[in-house]
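**Q**
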DNA sequence: ACCTGAACACCGTTCAAGT
DNA sequence: ACCTGAACACCGTTCAAGT
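Chains as they are written, first to last, in the working numbering: chain Z, 2 to 201; chain U, 2 to 201.
1. So, does the segment 130-140 of chain U touch the segment 55-74 of chain U, judging by three or more C-beta pairs under 8 Å?
2. Going straight from the alpha carbon of residue 197/Z to that of residue 116/U, what length do you get?
3. Using beta-carbon positions only, say whether residue 95/Z and residue 165/Z come within less than 7 Å of one another.
4. By the three-class DSSP mapping on this structure, what secondary structure does residue 67/U have?
5. Using alpha carbons as the reference points, say which of 17/Z, 136/Z and 187/Z lies closest to residue 162/Z.
6. What does residue 196/Z reach in chain U if we use C-beta pairs closer than 7 Å?
7. Taking residue 168/U and residue 186/U to be in contact with their CB atoms under 8 Å, please state how far apart those CB atoms are, rounded to whole angstroms.
8. List the residues of chain U whose Cβ lies closer than 7 Å to the Cβ of residue 166/Z, in chain order.
9. Hey, quick one: how far does the alpha helix (DSSP H) through residue 100/Z stretch, first residue to last?
10. Here's the rule: buried if 16 or more other CB atoms are within 10 angstroms of the residue's CB, otherwise exposed. What is residue 89/Z?
11. Roughly how many angstroms lie between the CA atoms of residue 33/Z and residue 82/Z, to the nearest whole one?
12. Should residue 199/Z and residue 150/Z be called a contact, given that it needs their Cβ atoms to be closer than 7 Å?
13. Check each residue of the segment 142-168 of chain Z: if its Cβ is closer than 9 Å to any Cβ of chain U, include it; give the result in chain order.
14. Closest by CA to residue 27/Z, which one among 51/Z, 124/Z and 64/Z?
15. Does the CB of residue 139/Z have a neighbour CB from chain U at under 7 Å?
16. For residue 184/U, which residues of its own chain have a beta-carbon under 6 Å away from its beta-carbon, when the five flanking residues on both sides are left out?
17. Between the alpha carbons of residue 47/Z and residue 16/Z, how many angstroms are there, rounded?
18. Which residues in chain U have a C-beta closer than 7 Å to the C-beta of residue 32/Z? List them in chain order.
19. Of all the options 80/Z, 101/Z, 104/Z and 102/Z, which has the alpha carbon lying nearest to the alpha carbon of residue 93/Z?
20. Against chain U, with Cβ distances strictly below 7 Å, would residue 124/Z count as a contact?
21. For a minimum of 3 consecutive residues, which ranges assigned as the beta strand (DSSP E) are wholly contained in the segment 133-196 of chain Z?
22. Take residue 194/U and list the residues in its own chain whose beta-carbon comes closer than 7 Å to its own, dropping the five residues that flank it on each side.
23. If you draw a straight line from the C-alpha of residue 104/Z to the C-alpha of residue 119/U, how long is it?
24. Between residue 99/Z and chain U, is there a C-beta pair that is closer than 7 Å?
25. Taking only beta-carbon atoms, is residue 89/U less than 7 Å away from chain Z?
26. Report the CB separation of residue 156/Z from residue 188/U in whole angstroms; it is logged as a contact under 8 Å.
27. Mind pulling the chain Z residues with CB within less than 8 Å of residue 94/U?
28. Quick check: is the beta carbon of residue 188/Z nearer than 7 Å to any beta carbon in chain U?
29. What residues from the segment 35-55 of chain Z come within 8 Å of chain U, judged by C-beta to C-beta, listed N to C?
30. Whole angstroms is fine: what's the gap from residue 144/Z's alpha carbon to residue 30/Z's?
31. Terminal residues of the continuous alpha helix (DSSP H) containing residue 29/U?
32. In this structure, how does DSSP classify residue 46/U when only helix, strand and coil are distinguished?
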């Protein structure tokens with residue numbers, strides 16, 4: 002077992018730690034991440050991570066940063082067609098977000114925690130802002146075409162995003178007995194659209 | 002400092018561990034909870050918790066159970082006036098939930114994780130169901146009076162609850178620059194009500 | 001019944017040292 | 001520059017033993 006050779010000692014240990022770290026948190030949870038075990042897997046001494054990450058938290062922050070970059074790219078792709086109507090664009094970004102969350106639940110948790118930390122690196126905060134700016138943009142253009150009520154677009158986006166965030170939290174916690182997630186996403190999005198419609 | 006005497010060795014060590022444990026997770030996070038440190042605080046040996054909790058996870062589960070009982074009681078209180086219109090009842094339960102979440106953020110996280118665990122004790126799952134049944138009840142009576150669209154009330158309640166859950170997640174992660182949480186709660190509730198209104 | 005102390009197998013982190 | 005080994009101060013958990 003563990004068929005991979007070891008192309009390390011070259012300077013790709015940093016990348017190897019990130020990959021192995023992500024796999025570890027998705028399969029066993031952030032709580033059980035062990036630098037020593039990671040080192041064992043990669044066939045290096047347990048002190049070598051120190052060269053690339055000051056401590057365990059630094060590795061987690063680097064993982065979260067990478068997560069925000071990937072989420073941002075996915076949201077940008079979903080929102081890129083500015084010619085489409087609000088409902089379509091919102092549906093696309095919402096599904097992109099939910100899809101990311103379902104595929105990388107531990108990563109998403111890590112990303113939120115990292116942003117929340119008092120001493121979060123500036124880089125991380127910026128990556129987060131950049132990722133969510135793509136959702137925000139859909140709302141401002143929705144207001145421009147009259148599909149969304151007037152008001153502070155940041156607040157409206159936040160309210161809608163909260164619904165998605167909650168859906169994801171509930172779903173990764175397996176709290177859907179029979180209901181398919183795909184159906185629920187559609188329902189949540191529909192309610193958001195109705196809730197944000199200008200009152201006739 | 003640490004002015005409390007020690008009325009332990011009586012059989013209240015179990016309760017003392019729960020209290021100290023809750024205080025510890027709210028102030029330092031679940032990750033940093035240490036049974037040995039808890040024992041030190043309480044002036045007992047680090048093996049004595051074993052008598053009351055099989056392991057660390059058992060203590061966390063007991064804390065989560067207690068949390069669900071308190072949340073359930075708060076939601077029941079908020080929802081008890083069945084004569085009030087849907088909007089009023091929904092607002093009350095929503096504010097009760099958000100209020101609990103703000104006051105006990107680490108506890109709420111623990112509660113969700115505990116329910117999610119594959120080997121979660123039956124007792125815990127039941128306490129969770131009981132707590133959320135009070136929110137569910139508001140939706141079924143909302144449908145009865147025509148304030149809420151027809152459809153599976155479980156799904157509708159889930160959709161609305163997701164929005165609250167997301168608001169709470171976002172708020173405990175401090176992602177509200179200027180906006181007051183109280184204002185945002187009101188906005189979320191309003192959007193939920195509008196989103197669930199029957200289409201005339 | 002309830003608590004203790006020694007012991008075991010793990011951690012993260014530091015430091016002097018090797019190539 | 002990058003990695004190593006010994007060492008330190010912590011964990012959770014087990015077990016034989018004390019009252």
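Don't be surprised by glycine CBs; every beta carbon is placed ideally from N, CA and C.
**A** Let me lay it out:
1. The segment 130-140 of chain U and the segment 55-74 of chain U touch, with no fewer than 3 CB-CB distances between them shorter than 8 Å.
2. Between the C-alpha atoms of residue 197/Z and residue 116/U there is a straight-line separation of about 32 Å.
3. The answer is yes: Cβ separation under 7 Å.
4. Residue state for residue 67/U is assigned as helix, using DSSP reduced to three classes.
5. Nearest in C-alpha terms to residue 162/Z, of all of 17/Z, 136/Z and 187/Z, is 136/Z.
6. Simply 192, 193, 195 and 196.
7. The pair is a contact, with the Cβ atoms about 7 Å apart (cut-off 8 Å).
8. For the C-beta of residue 166/Z, the chain U residues within less than 7 Å are, from N- to C-terminus, 167, 170 and 171.
9. The continuous alpha helix (DSSP H) containing residue 100/Z extends over residues 87-104.
10. It counts as exposed.
11. Going by C-alpha positions, residue 33/Z is about 41 Å away from residue 82/Z.
12. Cβ atoms of residue 199/Z and residue 150/Z: closer than 7 Å.
13. So the close ones are 152, 153, 155, 156, 157, 159, 160, 161, 162, 163, 164, 165, 166, 167 and 168.
14. Closest by alpha carbon: 64/Z.
15. Contact with chain U is absent for residue 139/Z, since none of that chain's Cβ atoms lies less than 7 Å from the residue's Cβ.
16. Nothing listed; no residue qualifies.
17. In this structure, the CA atom of residue 47/Z is about 16 Å from the CA atom of residue 16/Z.
18. Here the neighbours are 32.
19. Nearest in C-alpha terms to residue 93/Z, of all of 80/Z, 101/Z, 104/Z and 102/Z, is 80/Z.
20. Taking 7 Å as the CB threshold, residue 124/Z stays off the interface with chain U.
21. Contiguous beta strand (DSSP E) elements confined to the segment 133-196 of chain Z do not occur, taking only those with 3 or more residues.
22. Result list for residue 194/U: 88 and 91, in chain order.
23. Each residue's Cα considered, the two are about 19 Å apart.
24. Residue-level contact by beta carbon fails for residue 99/Z and chain U, as no gap is shorter than 7 Å.
25. Residue 89/U is outside the set of residues whose beta carbon lies under 7 Å from a beta carbon in chain Z.
26. For a cut-off of 8 Å, the C-beta gap from residue 156/Z to residue 188/U is around 6 Å, short enough to register as a contact.
27. Chain Z residues near residue 94/U: none, gap ~15 Å exceeds 8 Å.
28. Yes, its Cβ sits closer than 7 Å to a Cβ of chain U.
29. Residues passing the 8 Å Cβ filter: none.
30. Rounded to the nearest angstrom, the gap between the Cα atoms of residue 144/Z and residue 30/Z is 40 Å.
31. It spans 14-29 - the alpha helix (DSSP H) in which residue 29/U sits, taken as one unbroken run.
32. Of the three classes helix, strand and coil, the one that applies to residue 46/U here is coil, per DSSP.
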